[in-house]
Every structure is written in C-alpha cells, then in structure tokens.
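Take the sequence shown: its position 581, counting from 1, is numbered 595 in the numbering used here, and each next residue is one higher. Note that the Cβ used here is the ideal one computed from N, Cα and C, for glycine as well. Here's the structure, in structure tokens; my notes come after.
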Amino acid sequence: MNSTSDSNIANLGPHSQNGVATAVVKEYARVRLQCGTHVCFGDPTGAIKYSTIRSTSTTYSLKTQFRRTDRYECITWQTYHTKLEAKPVHPRYGSAIRAFSNAFAYRTSMEGFQRRHRSKGLAANLPTEVLIDIFKFAYQEHRTLLRSHLQGYNKLPSLKETWIYEEPLSATLFPFAVAAVCPRWCDVLAGVPEYWTRLVILVDEDPTDPITIRSCLQWSGDSPLSVTITRENLDPNQSDEQEPHRSRVPEYWTRLVILVDEDPTDPITIRSCLQWSGDSPLSVTITRENLDPNQSDEQEPHRSRTIHDLLQPHTSRMESLIVSVLHRGSLPDIFTDRGGPVTKLKTLVLSNFLDDNFKAANQRSRKFRGPLDAPSLNELSVSGHCFRDHLLGNSLQMSKIANITSFRLSGHGFIDEHAPGLPLWETLRTLSQLPRMDNLTISDVRFDALAYRERYTGSPISLPRLQTVAFEKLASADLEAIHVIIKGIQLASAIIKECTVDTLSNVNLVGYLTFDAIDVTQDLTVVLDGWSGGVLSLRDSPCVHDWFFQAMSRDLAASPYSYSYLSAPNLSEVIITDCDMFSVSALRDFIYARHRSHGVRRIRNLTVTGRGPAITAEDAEWFRGCLQRFLWNTVQPDGKRYKVNLFSAQVIVT
C-alpha cells in the first residue's frame, strides 16, 4: 500500500473514507508475501508447531509458559525481556494490528453513538454476499500449503493449509487491515472463526487493549491459534521496565491447560500461572497428549493428585473445569473434596476411558465432604463411572446442581464384562431431577441387560424442558425404552449415531432427525415409517443406498383407491452428507414419488455434500426445477468434485 492508504487505515473510525475500502481490496488482489524463517522451539506438548523468539535482554524464560496451550500452533514472542539471544528488529509503524486495535477500541467507546449514527459510506453498505466473497478471496491470498514431515514408516507426507509468513507489523496483515475499514466489515469478518486464527498482540507503551484480545479469541472459536506477542519498537537501546507487567495481564492467564501424562506440566509453571491470573475467573483443562485406552499408565492418578492439590485453593473461582484422562482414579473428587459452594462454575467435564483398580490416588483423608454446591452450573459431562458413584439416585446432590441445562453421560465400560450395567430406569429418574435440562446426550453407555430389566411401573418420569437429544453407540432396545419415556415430548432435534435401530419406532415427535454412521445392516425405514418430523439429515451412513430410497417411496396406503401414504409424511427437507452408496436416479425417483403423492408433503429442499455420487447436467436441471432450494457439492474417490451452480444449475467439475 502507499503511504496515504497506510495513514488512512491507521486512523480509521466509523466515518472512514470510502476510498480506503477500495484501496484495501485492490491491495489484497496483488499482495504476495515472502516466507520467513521459523526457529523450532521444542514443544513437549506437540501442540505448538512453530515458534519464533526475538529478544534484546534477559529477564525470564517463556519456554514453560507455552506448554499449557491447547490451541496454539505457532507462538512468536518479540520483547526486550527473555533469556534468548538478542536479534535486532527494526521498528515498524502504520501496522494493520495497530489500526485495528485503535479502530476497535474507538468503536467500543462509541457504541451508543454508532447505534444512532450509522455510517452511510460505500464500505459500510456493500451487500453482505459481496463482502463475504471479498474476504474469502483476501483470506486465500494469505494462505499456503505446507508439506508435513513423515511420521513413521509407510506413511506419505500430507499437505496442510497454514498462514503465509508475514511480518506481524505489516500494514496489510489479514484480517486486521480489512477489519479496520469499518465496523460492519469487522462484524462480517467476526462470523468466520478461520479468519481469526492468527493473533498479534502489542505489549509496548500503548499495548493492545484486553477487550480487543478477548474479542479476537472469542471470534476464533475452537480453531488452532498462531499468536505473536511483540512491540512496534524493538530498539535495544530503549528499556521498558513496565513491559513484563503488561505481558502478565491477569486476563492472559485465565485459561490453563495442564498435562498429566509421562511428561507432565511442571508444578512451578502451574503455580506461576495461577499467581499471574490474580483473582480472575479460571478455565482449566486437565488432559494428556495420548488418550489411547489400550495404553495404561499406572502413575497417572498420582500425577493427577498433585495437580488437583495445586488447584484446590482456586476451585471457587473456576468457571470451567475439563478433565479428560485415562484412568478413573485420575479424576478429581470435586463432588466431595472441596471447600464450600462453587458459585462461578458453569462448565464441568469429567471424562475417563478406563475403570481401573488404581486406588492409591484416593487413599487420603478428605478435609471437605460433599455434596457439590454449584448453583451456576450450566453444562455437565460425566463418565458413567462418575455418574454411578456420585449422582445416581442421589437426590441431595442433584438438588445442588438443579440449574443444569445440558447434560452428557458417556462411557460406562468395565474391565469385567460381567459387571452389571447402569440401571436404565434409575438413570432416567435421576435425570428427571434436572428440571431445566433441555439438551441430553448419552454416549457409549452399557445399561442393565434387557432380560433382567422389569417393566417400569414407578411414578412418571418427566423431562419437561427437553429439546435436543443425542444418542451414540446404544443398543436398539435401550433406545426404544428411552423413547417410550420421552415420547410425549415435542423434541426440536435428535441425533442417533452408531446405534442399532432395528426395533426403534417411537421418534414421532422429533422435528429435525439425524442419523450418523449407521451400519449397512440397519433399516432406517423402521424408524421413519411413523416419524412426523420435517427435516431428515443422513451422515456417513452406509445404510443410505438405493434400496433405502426405494423403500421410502413405497405406498403404505391400505387401499389402492385411497390417497397414497409414504413414510415420514411431513418430510420436506433432506440433507445428505458423506453418503456414497446411493445413485442419483434412486434419489430422483424418491423425490418424484413424494411429489406425485397426495398424502404426504413434497420435498422442498435438498442438500447433498461431501462424499457422494456424480451428477449430470440433466439431473441437476431436474432437481432445480422441482425443488425450492437445491445444493449439490460432492467428491468422488478419485478426488473429482461435482458442484452445481446455485443460479444456473450448471455442473462444475474440478
């Protein structure tokens, strides 16, 4: 960009000149950036792929601080004060990150004014579809493919898309240069997490505002991050005594990831992070690099106990605690071992893969006794073992966490295959004590054997707020029993993944029904014959073949002179993803049969994406003519992609 454009961008506010937007877009159409040199850092977690450290004097080491990151793929730290060799870096001004930071801070301070005085310039009033295309093009201009290293024998290298190396203080750094144009451009960009996976933070005398940092982190979602922490002026002759303090802003240390595998996070590192976080709310994740249930680790419970003891004094300020480990003995005793109400805790995830006999970690005297009092707890995910030990039939404990809206029960296997499973009726009665629960997931849980399960005769089980359910790796008989209990509830959506469904027929009151990874031996028409919902999603399911669509097209009417009646009478939208066992002709005949019938609704919308059959121009024109909305974008085994143009029905093969 020329100096005039740089000057304009650096001082952008809500009333920027329209020429700036044009200049930015034109510049992005031709910019090409040279790749820089990455210095390997030696990350024990394996999460950090590259790192670059540039410094000018010595104060403290940053190496251990990067071990707790779960999303960082690249960390670059350029400051005065580290223990690494000095490398002079020339000062840079008019950077995109500075322009964006100033514009965003200005916008935050003027929110009320902006609501009353919207910008009426060209940049702020371009159609959203045009902006999306512009930003997508600009994003791709800053991406490249890197070939990964070989990992093990007989493994081919793979290509991974990543950011092109660019000076962090570049005036054209995406997305910051574009986001600084006007608030509306920033709002559109904020809706795409991939755009915000590269973050630059300034720690000089005018540091990046914490609100800006938090917003960027929020916009990035759960995507991997590349973070650069630097200054605009890295002159080694100018000291800055406040820089270390700005680098240790408490908000930076409120998200902590701790490893408990063979190379665990050092306790000194954990104590330092907890100290730097001050009194701020904490989000803590305890996990390991390798969660292979086939590899036991007898020392994991002992290492975990050390971690839990360090975190114990800080439990009261935790907003989120996620523990994902191998052994049951490595889970914290948060339901009994704590010191009073945990009023800030909103998310609690306790997951383990093995129900083991390692008791050493639990052989200690407890200072505190339960139950867990967490009035703000909104999301709870526990293993079947934890549920059985602390929640099953425990009315007092359930009353202390009664505000939960999302509950996940997963993994209840045993070393002893003959051990009894969870009692299904008592499990459902326990869940009914969560009156605000609207989202329920049950995954890979073994319930008591059907032969020993008596018919339920107790008081009615009520789940009045339930809206969405997801069932994974459950037996058909268990699914049937659960749906008998909830059959009177109008569910917004249900996901059935990797389950057997040969006896399931009580899903009539589900608006949006998803089948995911259903085996070829299963017959979905058993479920769909009486289903009254409107949207059917089929994902990665070999049972979705030509016979399935033929069976869904058969007339179920009792008399040949009556109105024809097909399965799923209210079905109006079909979404097919990664299903490659059916033909286009079978799908076309299915839709045509429903259009001829007077007893069922027509298919209005069809989406076919991912792995799937090739489509001809004739078929595309037919679908487009009889559907309100039609989207086709499939990939063949040879890599060929068949995409139908949304406006012309032209088939594009790439």
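query = How big is the Cα-Cα spacing for Cys49 and Gln154?
reply = By one-based count along the sequence shown, residue 49 stands at place 35. By one-based count along the sequence shown, residue 154 stands at place 140. Note that Cys49 has pLDDT 28, beneath the 50 cutoff, so the model's placement of it is unreliable and the number below is only indicative. Near 15 Å, if we compare the C-alpha coordinates of Gln154 and Cys49.
message = I'd like to know if the stretch 435-448 and the stretch 390-410 are in contact, where contact means that at least 3 CB-CB pairs between them fall below 8 Å.
response = yes
task = In the DSSP assignment, find the alpha helix (DSSP H) that holds Met332 and state where it starts and stops.
result = As a first step, residue 332 must be located in the sequence shown, where it is residue number 318. Careful: Met332 lies outside any alpha helix (DSSP H), inside the beta strand (DSSP E) at 332-341.
message = Tell me the residue span of the beta strand (DSSP E) that contains Asp458.
response = On the sequence shown, position 444 is the one that residue 458 refers to. Residues 453-459.
request  = Scan the stretch 179-242 and note each continuous beta strand (DSSP E) run of 3 residues or more that stays entirely inside, going in chain order.
outcome  = 212-216
inquiry  = Assuming contact is defined by CB atoms lying nearer than 8 Å, are Pro307 and Phe401 in contact in what I supplied?
reply    = Position 293 of the sequence shown, counting from 1, holds the residue named residue 307. Position 387 of the sequence shown, counting from 1, holds the residue named residue 401. Contact: no.
message = Determine whether the beta carbon atoms of Leu183 and Thr211 lie at a separation below 8 Å.
response = Here residue 183 is taken as the residue at index 169 of the sequence shown, counted from 1. Here residue 211 is taken as the residue at index 197 of the sequence shown, counted from 1. Not closer than 8 Å, so no.
request  = Using alpha carbons as the reference points, say which of Thr222, Asp218, Ile146 lies closest to Tyr209.
outcome  = Taking the sequence shown and counting its residues from 1, the one referred to as residue 209 is at position 195. If we check each option's Cα against that of Tyr209, Ile146 comes out closest.
message = If we require 3 or more residues per run, which beta strand (DSSP E) segments fall completely within the stretch 392-427?
response = 393-397, 420-426
key: Cut-off 6 Å between Cβ atoms - residues of its own chain near Asp633, not counting five sequence neighbours on either side   = Here residue 633 refers to the residue found at position 619 of the sequence shown. Only Val598 meet the Cβ criterion.
task = Inspect the CB distances between the stretch 606-615 and the stretch 642-659 and report whether three or more fall short of 8 Å.
result = no
Beta-carbon gap between His683 and Arg342 smaller than 8 Å = No answer is possible for residue 683: the residues shown for the chain start at 15 and end at 668.
inquiry  = Which of the three DSSP states is assigned to Leu493 in this structure?
reply    = Locating residue 493 in the sequence shown gives position 479, counting from the first residue. The answer is helix: DSSP assigns Leu493 an H, G or I state.
ask   = What are the start and end residues of the beta strand (DSSP E) that includes Ala506?
value = Your numbering for residue 506 matches position 492 in the sequence shown. Note, Ala506: beta strand (DSSP E), 505-511.
ask   = Sorted by chain position, which residues of the same chain lie with C-beta nearer than 8 Å to Cys513's C-beta, five sequence neighbours on each side aside?
value = Within the sequence shown, the letter at position 499 stands for residue 513. Closer than 8 Å at Cβ, skipping near neighbours: Phe485, Glu486, Lys487, Leu488, Ala489, Ser490, Leu493, Ile532.
query = What's the gap between the Cα of Ser507 and the Cα of Ala582?
reply = Within the sequence shown, residue 507 is the residue found at index 493, counting from 1. Within the sequence shown, residue 582 is the residue found at index 568, counting from 1. When rounded, the distance between both Cα atoms is 15 Å.
key: Contacting residues, own chain, Cβ-Cβ under 7 Å from Asp458 (five flanking each side not counted)   = As a working mapping, residue 458 is identified with position 444 in the sequence shown. Counting only Cβ-Cβ distances below 7 Å, and skipping sequence neighbours, we find Ser424, Gly425, Glu486, Lys487.
request  = Provide the residue span of the beta strand (DSSP E) that contains Val549, from first to last.
outcome  = The sequence position of residue 549 within the sequence shown is 535, counting from 1. Its beta strand (DSSP E) spans residues 549-553.
ask   = Taking the continuous beta strand (DSSP E) assigned at Arg469, which residues delimit it?
value = In the sequence shown, the residue the question calls residue 469 occupies position 455. Unbroken run through Arg469: none, as it is neither H nor E.
request  = Would you kindly work out how many angstroms separate the C-alpha atoms of Thr361 and His328, rounded to a whole number?
outcome  = Reading the sequence shown from its first residue, position 347 is the one you call residue 361. Reading the sequence shown from its first residue, position 314 is the one you call residue 328. C-alpha separation (whole angstroms): 15 Å.
message = Using the three-state DSSP reduction, which class does Asn520 fall into: helix, strand or coil?
response = The count along the sequence shown starts at 1 and reaches residue 520 at position 506. It is coil, neither helix nor strand.
key: Spatially closest choice to Ser334 from Gly354, Glu314, Ser390, by CA coordinates   = Residue 334 sits at position 320 when you count from the first residue of the sequence shown. Minimum Cα distance to Ser334 is reached at Ser390.
request  = Sort Phe151, Leu620, Phe562 by Cα distance to Glu587 and report the nearest one.
outcome  = In the sequence shown, the residue the question calls residue 587 occupies position 573. Closest by alpha carbon: Leu620.
inquiry  = For Phe562, would you say it is in contact with chain B, using Cβ-to-Cβ distances shorter than 8 Å as the test?
reply    = You won't find chain B in this structure, because it holds only one protein chain.
request  = Spatial neighbours of Trp267 within its chain, please: CB distance less than 6 Å, with the 5 preceding and 5 following residues excluded, ordered by chain position.
outcome  = Working through the sequence shown from its first residue, we reach residue 267 at position 253. Excluding residues within five positions, the ones whose Cβ falls inside 6 Å are Cys287, Trp290, Ser291.
Buried versus exposed, by CB contacts within 10 Å (16 or more), Pro264 = Within the sequence shown, residue 264 is the residue found at index 250, counting from 1. The residue in question, Pro264, is exposed, as its Cβ has fewer than 16 Cβ neighbours within 10 Å.
query = DSSP on Ala484, reduced to helix/strand/coil?
reply = Numbered from its first residue, the sequence shown carries residue 484 at position 470. Strand.
ask   = Could you check where the alpha helix (DSSP H) with Tyr606 kicks off and where it finishes?
value = Locating residue 606 in the sequence shown gives position 592, counting from the first residue. It spans 598-610 - the alpha helix (DSSP H) in which Tyr606 sits, taken as one unbroken run.
query = Grouping DSSP H, G and I as helix and E and B as strand, with all else coil, what is Leu448?
reply = In the sequence shown, the residue the question calls residue 448 occupies position 434. Residue state, collapsed to three classes: coil.
ask   = What whole-angstrom Cβ distance do Asn584 and Arg615 have, given they're in contact under 8 Å?
value = Position 570 of the sequence shown, counting from 1, holds the residue named residue 584. Position 601 of the sequence shown, counting from 1, holds the residue named residue 615. The Cβ separation is near 5 Å, so the contact holds.
task = State the DSSP-derived secondary structure class of Arg106, mapped to helix, strand or coil.
result = Your numbering for residue 106 matches position 92 in the sequence shown. Low confidence applies to Arg106: its pLDDT is 42, below 50, so where it sits in the model is not reliable, and the reading given next is rough at best. Correct three-state label for Arg106: coil.
query = Taking the DSSP output, what are the residues bridged to Met595?
reply = Translated into positions along the sequence shown, residue 595 becomes position 581. Answer is His559, bridged to Met595.
inquiry  = I need the straight-line Cα distance from Ser546 to Ala495, nearest angstrom please.
reply    = Counting from 1 along the sequence shown, the entry for residue 546 is found at position 532. Counting from 1 along the sequence shown, the entry for residue 495 is found at position 481. Between Ser546 and Ala495, the C-alpha separation is close to 19 Å.
ask   = Whose C-alpha, out of Pro221, Val195, Asp218, Ser237, is nearest the C-alpha of Val206?
value = On the sequence shown, residue 206 is found 192 positions in, with the first residue counted as 1. Among Pro221, Val195, Asp218, Ser237, the Cα nearest to that of Val206 is on Ser237.
ask   = For Ile284 versus Ile300, is the C-beta distance shorter than 8 Å?
value = As a first step, residue 284 is located in the sequence shown; it is residue number 270 there, counting from the start. As a first step, residue 300 is located in the sequence shown; it is residue number 286 there, counting from the start. Going by C-beta atoms, Ile284 is not nearer than 8 Å to Ile300.
query = In this structure, what does DSSP give as the bridge partners for Ser297?
reply = For this step, residue 297 is matched to residue 283 along the sequence shown. Note: Ser297 sits in a beta bridge opposite Arg269, Ser334.
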